[in-house]
Amino acid sequence: MAKHDLQGALDLLILKTLSQLGSMHGYGIVVHIRRVTDEILIVEEGSLYPALHRIEQSGWIRSDWKLTDKNRKAKYYRLTAAGQKELRKAEEGFEQIVKGVRAVLRYVQG
Amino acid sequence: MSILRRITNLFHRSELDQEIEAELVSHIEMCTADNIAAGMSPEEARRDALLRFGNRAVLKERVTAADAHVFLHSVWQDLSYGFRMLLKSPGFTAVAILTLALGIGADTAIFSIVDAVLLRPLPFKNPSRLVMLWEGIPEMGFPKITASAPDIMFYERAQKSFDSISTFQNEALDISGGAGEPEIIGAARVSASMFPMLGVSPLIGRTYTEAEDKARANVVLLSYKLWHRRYAANPKIVGQTVDLNRVPYTVLGVMRKGFLFPLSGPDGNDSPADLWVPMAFTQRELTGWGDFFNNSVLGRLKPDVTIAQAQVEANLIAGRLSQAYPVGILGAFPNAHVRIMLSPFHEEVVGSVQTLLLVLMAAVGLVLLIACANVATLLLSRAASRSKEVAIRTALGASRSRLIRQMLTESLVLAFAGGALGVLIAFWGTKGLLHLVPPNIPLPPTVPMGGSVLAFVAGVCCVTAVVFGVAPAFQIPATSVQGSLQEGGRSGTPGHAHRRWQDIFVTAEFALALVLLIGAGLVLRSFTKLLATNPGFRPDHVLTLNVPLPSEAYPKAAQVRGFYEQALQRISGLPGVESDGISSDLPFHANETDALQVQGKPGKTPSVRVSMVFGDYLSTMGIPLVQGRGFTAEDRAGSQLVALVSEGAAKVLWPGQDAIGKRLTVLGQSEIVVGIVADVNGGALADKPQPHVYVPYLQLPAVFFGGDNQLRAMNIAVRTAQDPAASTSAVASQIHSLDPAVAITRIRTMNQELNESVAGPRFNMSLLGIFSVAALFLAAIGIYGVLAYSVVQQTHEIGVRMALGAQRRDVMGLVLAHGARLALAGIVIGSIAAFGLTRLMASLLYGVSAGDPLTFAAVSAVLFVVAMLACYIPARRAVRVDPMVALKYE
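Just so you know, the protein sequences line up as chains A and B, in that order. If you read the first sequence in our numbering, its first letter stands for residue 1, the second for the next number, and so on. If you read the second sequence in our numbering, its first letter stands for residue 111, the second for the next number, and so on.
Okay, structure coming up:
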């Protein structure tokens, strides 16, 4: 269900982050994306949790309550097998979008 | 898997809520910790963390909304929220549900009856091909009459349009044998061909054959009802004999349950019978040219013949038929020509009540429209007063679809509650209406509640409720939330669109209600005029009984005369009896019409009603003598033949002259007029009394007493000092002391007869009355709702006005003027519509014109007063507005 839109992009970011970090809580995902993108992409908390919830309902991620390294209870998310597959599809879809957008941006008349 | 999870989530909503909350809290805590680590103060750090979330409640709602299970859950939430909101304003809820229930219930009940009577095909094989045949001799005052046997035979031989033609005639038969007392049974003589023509077969046994009919066999078919009532549904009844008019008849079969024939409705023979015997025309009937016009004729058209084609053929045959009449009759009535007319059976059966049913359907339609307009107005008022609530919920993050869903749920709860109550009203209403229906309106024995009708009406009402319930939800989120909040809070210009629509609906309601009220008012005025009509006799303290004497037991005229003379003597000896008399017919029940000839005016033969009377009939019935003398005991066989005429007859027969002493010829004898009496209705009270001639019973020749002539089925009238009904058994025992086997029928007081004669108009009046009161009620609620709402909306404005020195009177005037404008607009529009519509119901009116100015004025005044009363309550609320509170309310 690769969506070629911005919501799809947020899903992709979340799935990719989880595939890189293995298992992470919501706050960790926000921090990770911000750090990795040099604060170019800042995921709003208001968008993150609905997205996490939706993705979990789709069966692409699973969650467990665990203790953080600072001994705080937090909900950790990790990819499922279906999530791995979805991630590959989303990545391909995203490449298509990037290609498409780039083609439009580079188009020169004549 | 995930579906399973969503469903289990449904039952763990609160758990899920807590989990989301915990997750958000942990996020905020981590964020705060990081902020502190980055050097913020703890308070700053926490505020920053919270800010990132914006509204946590909103976020939570959005998180849960992501879940599919939320849909189902929110439906339940909406339902319970809807119930709570509806219960919070019980007045609104009750009125809305009642409005819906009334509209749905009343309409379904009436439509069910209309459907059963008007729209359902007759319960026979291919009923659209069934056609009735009538004769007409307009030159003699008979535009449309049942047919005479020789004419039917002539037509049947000549025609090529019909597959079969059958004849039937109602008859009262004295039944004895088997279980039970001797009694008079409503029977019918019916041609053998009728049963196959209608496509009906008996439940047990067989119907009679053409051969049995021709041979005048004494055979009989029983109705299912009679078979059960009198013979305990004995299956061995076939082949047994029963005595009809004291002659044994063999039972051939029992017809199926629910078989009705003749059907009520057409003129003449229209009483469903309890037993059927062969038509078996007598020799006298077959040769009675120009006589015995009392046979109803039903035929089945050939498949390729239209009724118009058959009528063309009938006209040609009628021309030849007139020429075929015996020379004697042709000579006596040179200007009279027989016509033959065909009309569809279905039209004949429903024709008599068509106007009434159409008027009722129109009334029902109006009530439906008013109910819908009322529901719309109520919901608009409510939505407008809730705009603030909606705006707040929008600001708090409820999505637009969620709001629409919730309003939809609320409307549906209303619609279903109204619908359910409506079904109950429809169910009881259908039953109740059937009891109200007067006997002269033909109805099938059971009227099922029309499912399709119910679905239609309920659909219309519910769609209205849903459309107007949900419309505001579309409107409000579409405008900016801020705008709604401002509009809802500041009361300067609240929902202009709403108010315009409400004004339109209320005006329309008033117009519709006025049309209904005027219709009901005209019927009411007709009814009071009808009751005030002088029936021409004194109905109080009079008991009447019909005592038929079968020719088999009383073959001679002298025996018949002797029986009645003795009966009169014995009854007059009873204590409490003031006078008694005998007549061949009774008020409202004329049964003999004859062509009268006036001496010295040949060729002119008006038809008159003829009554044969003796004893003190006129004084017993309280029919005043206007001039001359009444009949005496001397007016008997052998003395001078005399007659009395009614005032109407005297005016028609001898205009501008004294009728006394003039000579006339009725029933084949020449009589001299000795007195003039008041006009008495022979039919419905609303009809103009026919010219009427009375002749002494004892002066009629023996030839009139043959067969089943009404001269051997006379009515005994008794005037009593006390309640006439109380004398019934004493009178009956005197009659039975002469002959215990004689059957007594139609035991009535004349007050009963009078009541029955106005039962039809009373029924019309009650139904239209019920509808118009409902309409008035609904319209009053409508205008009240609108004004109450506008007062609430204008609280601020009213407060300002009062703060600026406006008097209470001014404020009240402001509110009342708004109501008056709406009511007057509705009354003007309604009057114009009513003026056009009421002429369609002219046939239901008596003594008033369809445009009766008094009714229009009075009804408009009533409606206006009711409107003002409904406006008064909100107006009072307006003047109680405390300026300080109103201004602070901002």
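The beta carbon of each residue, even a glycine, is placed where N, CA and C say it ideally should be. This structure is a prediction, so every number in the text was calculated from the model and none was measured.
(message) Whole angstroms are fine: how far does the CA of I223/B sit from the CA of Y435/B?
(response) Start at 1 with the first residue of the second sequence, and residue 435/B comes out as number 325. Start at 1 with the first residue of the second sequence, and residue 223/B comes out as number 113. Spanning the two alpha carbons is a distance of roughly 46 Å.
(request) Name, going along the chain, the residues of the segment 125-138 of chain B whose beta-carbon falls closer than 9 Å to a beta-carbon of chain A. (result) Per Cβ criterion, the list reads E129, I130, A132, E133, L134, S136, H137, I138.
(request) Step through the CB atoms of chain A and report whether any lies within less than 7 Å of the CB of M140/B. (result) Start at 1 with the first residue of the second sequence, and residue 140/B comes out as number 30. Chain A places a beta carbon closer than 7 Å to that of M140/B, counting this residue as a contact.
(message) List, in chain order, every chain B residue whose beta-carbon is nearer than 7 Å to that of A9/A.
(response) As a working mapping, residue 9/A is identified with position 9 in the first sequence. What A9/A touches in chain B: nothing, since even the nearest Cβ is about 17 Å away.
(request) Put G599/B into one of helix, strand or coil per three-state DSSP. (result) Here residue 599/B refers to the residue found at position 489 when the second sequence is read from its first residue. Because G599/B carries a pLDDT of 42, less than 50, the predicted location of this residue cannot be relied on, and the following value inherits that uncertainty. The three-state secondary structure of G599/B, taken from DSSP, is helix.
(request) Give me the Cβ distance between N791/B and P649/B, rounded to the nearest whole Å; I'm assuming they're in contact under 8 Å. (result) Reading the second sequence from its first residue, position 681 is the one you call residue 791/B. Reading the second sequence from its first residue, position 539 is the one you call residue 649/B. With a Cβ gap of about 11 Å, N791/B and P649/B do not count as contacting.
(request) Below 9 Å between beta carbons is the criterion; list the residues of the segment 9-32 of chain A that meet it against any residue of chain B, in chain order. (result) The residues in question are H25, G26, Y27, G28, V30, V31.
(request) Return yes when the Cβ of D726/B is within less than 7 Å of the Cβ of S689/B, no when it is not. (result) Here residue 689/B refers to the residue found at position 579 when the second sequence is read from its first residue. Here residue 726/B refers to the residue found at position 616 when the second sequence is read from its first residue. Against a cut-off of 7 Å, the Cβ pair of D726/B and S689/B comes out as a contact.
(request) Please say whether A383/B and I247/B have beta carbons closer to each other than 7 Å? (result) The count along the second sequence starts at 1 and reaches residue 247/B at position 137. The count along the second sequence starts at 1 and reaches residue 383/B at position 273. Taking a C-beta distance under 7 Å as the contact criterion, I247/B and A383/B do not qualify as a contact pair.
(message) Using CA atoms only, rank isn't needed, just tell me which of D144/B, V852/B, A418/B is closest to A677/B.
(response) As a working mapping, residue 677/B is identified with position 567 in the second sequence. Taking each of D144/B, V852/B, A418/B in turn and checking the Cα distance to A677/B, the smallest one comes out for V852/B.
(request) Using a Cβ-Cβ cut-off of 7 Å, state whether P103/A counts as contacting chain B. (result) Reading the first sequence from its first residue, position 103 is the one you call residue 103/A. According to the sequence displayed, residue 103/A carries Ala and not Pro. Cβ-Cβ to chain B under 7 Å: no for A103/A.
(request) State yes or no: is the beta carbon of A74/A nearer than 7 Å to at least one beta carbon in chain B? (result) Looking up residue 74/A in the first sequence gives position 74. Closer than 7 Å to some Cβ of chain B, the Cβ of A74/A qualifies, so yes.
(request) Report the three-state DSSP secondary structure of A383/B (helix, strand or coil). (result) Counted from its first residue, the second sequence places residue 383/B at position 273. Here A383/B sits in coil by DSSP.
(message) What does DSSP give as the partner residue(s) for P260/B in the beta ladder?
(response) Locating residue 260/B in the second sequence gives position 150, where the first residue counts as 1. Beta-bridge annotation (DSSP): P260/B is not paired with any residue.
(message) Just to confirm, is the Cβ distance from I692/B to Y674/B under 7 Å?
(response) Position 582 of the second sequence holds residue 692/B. Position 564 of the second sequence holds residue 674/B. Taking 7 Å as the cut-off, the Cβ atoms of I692/B and Y674/B count as close.
(request) Please classify A823/B: is it buried, with 16 or more other beta-carbons within 10 angstroms of its beta-carbon, or exposed? (result) Residue mapping note: residue 823/B aligns to position 713 of the second sequence, counting from 1. A823/B is buried by the Cβ-count criterion.
(request) Rounded to whole angstroms, what's the CA-CA distance from G1004/B to T838/B? Just pull it up for me. (result) No answer is possible for residue 1004/B: it lies beyond the span of chain B, which begins at 111 and ends at 1000.
(request) Return helix, strand or coil for Q800/B, following the three-state DSSP convention. (result) One-based indexing of the second sequence puts residue 800/B at position 690. In the displayed model, Q800/B falls within coil according to three-state DSSP, outside both helix and strand.
(message) For K3/A, which residues in the same chain have their Cβ closer than 6 Å to its Cβ, ignoring the five residues on either side in sequence?
(response) Position 3 of the first sequence, counting from 1, holds the residue named residue 3/A. Model confidence at K3/A stands at a pLDDT of 41, short of 50, so the residue's coordinates are unreliable and nothing is read from them.
(message) For the segment 741-755 of chain B against the segment 775-786 of chain B, do three or more pairs of beta-carbon atoms, one drawn from each stretch, fall closer than 8 Å, so that the two count as touching?
(response) Short answer: they touch.
(request) Mark E744/B as exposed unless 16 or more other C-beta atoms lie within 10 angstroms of its C-beta, in which case mark it buried. (result) On the second sequence, position 634 is the one that residue 744/B refers to. It counts as exposed.
(request) Specify the secondary structure class of W399/B as computed by DSSP and reduced to three states. (result) Here residue 399/B is taken as the residue at index 289 of the second sequence, counted from 1. W399/B: coil per DSSP, three-state reduction.
(request) Work out the CA separation of G8/A and I97/A for me, nearest whole Å. (result) By 1-based counting over the first sequence, the position of residue 97/A is 97. By 1-based counting over the first sequence, the position of residue 8/A is 8. So the alpha carbons of these two residues sit roughly 11 Å apart.
(message) What does the alpha-carbon distance come out to for the pair A630/B and A700/B?
(response) As a first step, residue 630/B must be located in the second sequence, where it is residue number 520. As a first step, residue 700/B must be located in the second sequence, where it is residue number 590. Each residue's Cα considered, the two are about 31 Å apart.
(message) Would A980/B and M922/B qualify as a contact pair, given that the criterion is a beta-carbon distance under 7 Å?
(response) For the purposes of this step, residue 980/B is taken as residue 870 along the second sequence, with counting starting at 1. For the purposes of this step, residue 922/B is taken as residue 812 along the second sequence, with counting starting at 1. No.
(request) Under the assumption that S970/B contacts I937/B (Cβ atoms under 8 Å), give the Cβ distance between them as a whole number of angstroms. (result) On the second sequence, position 860 is the one that residue 970/B refers to. On the second sequence, position 827 is the one that residue 937/B refers to. Contact flag correct, Cβ pair sits at about 5 Å.
(request) Determine the DSSP secondary structure at Q707/B, reduced to helix, strand or coil. (result) Taking the first residue of the second sequence as 1, we reach residue 707/B at position 597. Strand.
(request) May I ask you to check if the CB of F566/B is nearer than 6 Å to at least one heavy atom of the ligand SAM? (result) No copy of the ligand SAM appears in this structure; indeed no ligand is present at all.
(request) State the DSSP-derived secondary structure class of K335/B, mapped to helix, strand or coil. (result) The residue given as residue 335/B occupies position 225 in the second sequence. Looking at K335/B - three-state DSSP - the assignment turns out to be helix.
(message) My output table needs one value for I937/B: the three-state DSSP class, helix, strand or coil.
(response) Residue numbering aside, residue 937/B sits at position 827 when the second sequence is read from its first letter. Of the three classes helix, strand and coil, the one that applies to I937/B here is helix, per DSSP.
(message) Would V361/B and V330/B qualify as a contact pair, given that the criterion is a beta-carbon distance under 7 Å?
(response) Locating residue 361/B in the second sequence gives position 251, where the first residue counts as 1. Locating residue 330/B in the second sequence gives position 220, where the first residue counts as 1. Result yes, Cβ atoms of V361/B and V330/B sit closer than 7 Å.
(request) Measure the alpha-carbon distance for V310/B versus S843/B and round it to whole angstroms. (result) For the purposes of this step, residue 310/B is taken as the residue at position 200 of the second sequence. For the purposes of this step, residue 843/B is taken as the residue at position 733 of the second sequence. Going from the Cα of V310/B to the Cα of S843/B covers about 42 Å.
(request) Compute the beta-carbon to beta-carbon distance between L954/B and V633/B, rounded to the nearest angstrom, for a pair I have assumed lies under 8 Å. (result) Here residue 954/B refers to the residue found at position 844 when the second sequence is read from its first residue. Here residue 633/B refers to the residue found at position 523 when the second sequence is read from its first residue. Correct: roughly 6 Å between the Cβ atoms.
(request) Sort G748/B, P834/B, D768/B, R671/B by Cα distance to V723/B and report the nearest one. (result) Locating residue 723/B in the second sequence gives position 613, where the first residue counts as 1. Per the Cα distances, R671/B.
(request) Using the Cα positions of G915/B and I908/B, report the straight-line distance between them to the nearest angstrom. (result) Within the second sequence, numbered from 1, the residue matching residue 915/B stands at position 805. Within the second sequence, numbered from 1, the residue matching residue 908/B stands at position 798. Rounded to whole angstroms, G915/B to I908/B spans 11 Å at the Cα level.
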